[in-house]
DNA sequence: ATAATGACGTGAT
DNA sequence: AATCACGCCATTA
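Numbering (our numbering), first residue to last: 866 to 950.
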């Protein structure tokens, strides 16, 4: 858990509230445009509250999964942050 | 060190 | 629209 993981965390932690990013984008920003799969894996094991992993969604617009309450909680949080009801 | 896994993505069926 | 299969990569077992 070094370079990539660290970069991913950094990028994700920089996602502003009320905004979302796709795994692909994160991977690209992290320097590994094709490692979107790994991004998910890393985030899935990431329990750091400093990293708003719930801001990361799929490219197809799907919510994706979440290790802290499931997609439900994730969608809920996003809905909340975005100020939408 | 090697094999399996998964919070993905895209194209094909 | 839904499902299937394959690719891609770091992490984990």
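Glycine is no exception: its CB is placed at the ideal position from the N, C-alpha and C atoms.
The structure displayed is predicted, hence computed values, not measured ones.
Answer with buried or exposed for residue i, where buried requires no fewer than 16 other C-beta atoms within 10 angstroms of its C-beta.
{"i": "residue 898", "result": "exposed"}
{"i": "residue 874", "result": "buried"}
{"i": "residue 917", "result": "buried"}
On a Cα-Cα basis, can you pick out the residue from the options that is closest to residue i?
{"i": "residue 868", "options": "885, 895, 942 and 909", "result": "895"}
{"i": "residue 870", "options": "907, 884 and 926", "result": "907"}
{"i": "residue 948", "options": "877, 872, 884 and 866", "result": "884"}
Express the C-alpha separation of residue j and residue i in angstroms, rounding to a whole number.
{"i": "residue 886", "j": "residue 920", "result": "6 Å"}
{"i": "residue 913", "j": "residue 941", "result": "19 Å"}
{"i": "residue 933", "j": "residue 939", "result": "8 Å"}
My assumption, with CB atoms under 8 Å, is that residue i sits in contact with residue j. Please give the rounded CB distance.
{"i": "residue 946", "j": "residue 879", "result": "Not really, about 15 Å apart at Cβ, beyond 8 Å."}
{"i": "residue 901", "j": "residue 889", "result": "5 Å"}
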